[in-house]
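Colleague: Residue numbers (the working numbering): 1 to 95.
Ideal placement from N, C-alpha and C gives every residue a C-beta, glycine not left out.
Bear in mind that the values here come from a model prediction, so they are computed numbers and not experimental data.
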């Protein structure tokens, strides 16, 4: 993995002949991606769970980066179901 000014690229994407076209931006959704995670993405196809991405609506979220068919996407961690709240009780004063 080569570190460029604003992105990372595979070693065969630089120079000629270009036998690889893989490039990934250093910043994805306001979060800087470390070189170690890019190397893991290339070798394993998936990064560790990365926190502090910022959605288009401005909300923070965590996700794995996933490499599929040459494209980088997100894989979200499974949410644990929240325990259901008991229904509100009516009091005598409310009647």
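What span of residues does the alpha helix (DSSP H) with residue 41 cover, start to end?
Modeller: Run containing residue 41: 35 to 44, per the alpha helix (DSSP H) assignment.
Colleague: Under 8 angstroms by Cβ, that's how I've got residue 53 and residue 23 pegged, so tell me the actual separation to the nearest angstrom.
Modeller: Not confirmed; about 19 angstroms, so no contact.
Colleague: Quick check: what's the CA-CA separation for residue 86 versus residue 76?
Modeller: The straight-line gap from Cα to Cα measures roughly 29 angstroms.
Colleague: Secondary structure at residue 5, three-state DSSP: helix, strand or coil?
Modeller: Looking at residue 5 - three-state DSSP - the assignment turns out to be coil, as it is neither helix nor strand.
Colleague: When you compare the CB positions of residue 1 and residue 39, do they come within less than 8 angstroms of one another, or not?
Modeller: Yes, Cβ-Cβ distance for residue 1 and residue 39 is below 8 angstroms.
Colleague: Note down, in chain order, each residue of its chain lying with its Cβ closer than 7 angstroms to the Cβ of residue 21, except the 5 sequence neighbours on either side.
Modeller: Excluding residues within five positions, the ones whose Cβ falls inside 7 angstroms are 13.
Colleague: Report the option in 3, 45, 5, 11 whose CA atom is closest to the CA atom of residue 70.
Modeller: Cα-wise, what sits closest to residue 70 is 45.
Colleague: Residue 65 and residue 47: beta carbons closer than 8 angstroms?
Modeller: Taking 8 angstroms as the Cβ cut-off, residue 65 and residue 47 qualify as a contacting pair.
Colleague: Considering only residues of the same chain and omitting the five flanking positions on each side of residue 18, which have a CB-CB separation below 8 angstroms?
Modeller: 12, listed in sequence order.
Colleague: Roughly how far, in whole angstroms, is the beta-carbon of residue 35 from the beta-carbon of residue 3, given that I think they are within contact range, below 8 angstroms?
Modeller: 6 angstroms between Cβ atoms; contact.
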